[in-house]
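For the sequence shown, my numbering gives the first residue as 20, with consecutive numbering after it.
Cβ atoms here follow ideal geometry from the backbone N, Cα and C, with glycine treated the same way.
To start, the structure under review is shown below, and the notes come after it.
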Amino acid sequence: MRARAVAVTAAVLLAVLSACGGGEDRPGTSGSASGSGTGTGQSASKTGDAFPESEANTVVRATLRDFAFESVPPTVKGPKVYFEATNQGPTEHELAVLDDSGKELGEIEAFDKGKESKPLALELKPGRYRLACLVKLGDKTHADLGMEASFTVE
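Structural data, given as structure tokens:
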């Protein structure tokens, strides 16, 4: 339980620092936070919607199970990618989007099976990305147990 509290605190701190970072301002994209530090120019919302599903170039409807992401295409059209996660596993799962260097660009925080689907809208530059479930199970994450999927944004 203590490890979970530390992880949640770290995630909140990361979201706050990311929102305060020095990225470029984009008019008309309220609700988004610009990434900082790597110069990639990716605009990301840590959770929720940076834009509505109707504005997405691609919608990825991912099913989360123990320990896999299902229905994630190998290639998606960007830059606006809208993720919708549904947990069909017996335990809680999350969906984190990581760039090629492993930096977290956004996440749908951990939620239990049977809860409503959760959205995440990100603007991603062309390149390779990875979905990962970073929920801890003992000293490993679900991603360490195989719950990850790679995809390319064109």
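Spatial distance of residue i from residue j (CA atoms)
| i | j | result |
| --- | --- | --- |
| A87 | S169 | 12 Å |
| L117 | T94 | 15 Å |
| D163 | A104 | 19 Å |
| A81 | V100 | 12 Å |
| L83 | E89 | 6 Å |
| S136 | A129 | 12 Å |
| L150 | T160 | 13 Å |
| L139 | D158 | 27 Å |
| P92 | V79 | 8 Å |
| I127 | F102 | 9 Å |
Secondary structure of residue i, DSSP reduced to three states
| i | result |
| --- | --- |
| E103 | strand |
| S169 | strand |
| S49 | Summary for S49: the model assigns pLDDT 33, below 50, so the residue's position carries little reliability; its value from the coordinates is reported in the next sentence. Reduced to three states, the DSSP call for S49 is coil. |
Cβ-based neighbour list, residue i, same chain, cut-off 8 Å, excluding 5 preceding and 5 following
| i | result |
| --- | --- |
| Y15 | With the chain covering only 20 through 173, there is no way to say anything about residue 15. |
| K134 | N106 |
| G146 | D118, D119, T171 and V172 |
| E167 | F88, R149, L150, A151 and C152 |
| G165 | F86 and A87 |
Cut-off 7 Å between Cβ atoms - residues of its own chain near residue i, not counting five sequence neighbours on either side
| i | result |
| --- | --- |
| K132 | N106, Q107, G108 and P109 |
Spatial neighbours of residue i in its chain, beta-carbon cut-off 6 Å, leaving aside the 5 residues before and after
| i | result |
| --- | --- |
| T77 | V95, K96 and V100 |
Restricting to runs no shorter than 4 residues, where is the alpha helix (DSSP H) found entirely within the region 106-161? Counting whole runs of 4 or more residues, the region 106-161 contains no alpha helix (DSSP H) stretch at all.
Does the structure place the region 96-113 close enough to the region 150-165 that three or more beta carbon pairs sit under 8 Å? Cβ pair count under 8 Å is three or more, so yes.
Could you check whether the region 116-126 touches the region 70-81, counting it as contact only if at least three pairs of C-beta atoms, one from each stretch, sit closer than 8 Å? For the pair of segments examined, the region 116-126 was found not to touch the region 70-81: the number of CB pairs separated by less than 8 Å stays below three.
Length at least 3, wholly inside the region 71-97: the beta strand (DSSP E) runs in chain order: Runs of the beta strand (DSSP E) spanning 3 or more residues and lying entirely within the region 71-97 occur at 77-84 and 87-89, in chain order.
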